[in-house]
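In this note's numbering, the protein residues as written are 183 to 296.
Glycine residues also receive a C-beta, built at the ideal position from the N, C-alpha and C atoms.
This report concerns only the one structure given below.
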Amino acid sequence: SVVTQDKTASILASYRLLANLSSRENIYALHYYFLGVQQFAQGQYILNKKPAYVILDKNDLLDFKENLKNSKWAGQYYENGQERLKELLQDYGVVDFQADVALFKRGYKSEIQL
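Structure (structure tokens):
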């Protein structure tokens, strides 16, 4: 895929994909972005600038609903997550979609709507 070829591109990635992309300098965790806070809400989770790519596994969204929504520390932040993600993705288009994973690129005009 496009994102694997450009090792310098900044990426906001789904949880299960973080390990494969962890050698990159500019990688961000989707689950913390979704919540808007760092682990155990120790501080805000802020992106200095919008990443070039977002890799979203739809199963993560189901997992967020199942686990984060019911978590003692994360539950209070869950409700704003959908809106945060929807707002971010307004500037992105789908470059690739395989199985349950979509690759979005900032500034890309796509005919695919998710």
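Those residues which DSSP pairs with residue i across a bridge
i, result
"G298", "Not covered by the structure: residue 298. The range shown for the chain is 183 to 296."
"D310", "Lying outside 183 to 296, the shown extent of the chain, residue 310 is not represented and no answer is given."
"Y210", "L194"
"Q224", "Note: Q224 sits in no beta bridge, so no partner."
Cβ neighbours of residue i in the same chain (closer than 8 angstroms, five flanking residues each side left out)
i, result
"Q220", "Y214, Q226 and Y227"
"D242", "S196, Y197, R198, L212 and H213"
"L200", "I209 and A211"
"K291", "G275"
Local Cβ density within 10 Å of residue i, reported as buried at 16 or more and exposed below that
i, result
"A281", "exposed"
"G289", "exposed"
"L270", "buried"
Cα-Cα separation between residue i and residue j, rounded to whole angstroms
i, j, result
"Y197", "L217", "13 angstroms"
"V276", "F286", "4 angstroms"
"Q264", "K254", "19 angstroms"
"R302", "Q187", "Residue 302 falls outside the range modelled here, since the chain spans only 183 to 296, and no answer is possible."
"K262", "A223", "Note that residue 262 is Asn in the sequence shown, not Lys. The alpha-carbon atoms of N262 and A223 are separated by roughly 14 angstroms."
Presumed contact (8 angstroms Cβ cut-off) between residue i and residue j, rounded CB distance
i, j, result
"Y210", "I237", "Wrong, their Cβ atoms sit about 11 angstroms apart, outside the cutoff."
"V283", "D245", "Not quite, the Cβ-Cβ distance comes to about 14 angstroms (not below 8 angstroms), so this is no contact."
"K232", "D273", "6 angstroms"
Close-in-space but distant-in-sequence residues of the same chain around residue i (CB under 7 angstroms, 5 per side omitted)
i, result
"L267", "F216"
"L203", "I193, A195 and I209"
"A256", "L217 and L250"
Cut-off 6 angstroms between Cβ atoms - residues of its own chain near residue i, not counting five sequence neighbours on either side
i, result
"Y260", "L250 and K251"
"G189", "Correcting the residue type first, residue 189 is Lys in the shown sequence and not Gly. Excluding residues within five positions, none has a Cβ falling inside 6 angstroms."
Cβ-heavy atom distance, residue i to the ligand GTP, below 8 angstroms
i, result
"K240", "With respect to the ligand GTP, the structure offers nothing, as it holds no ligand at all."
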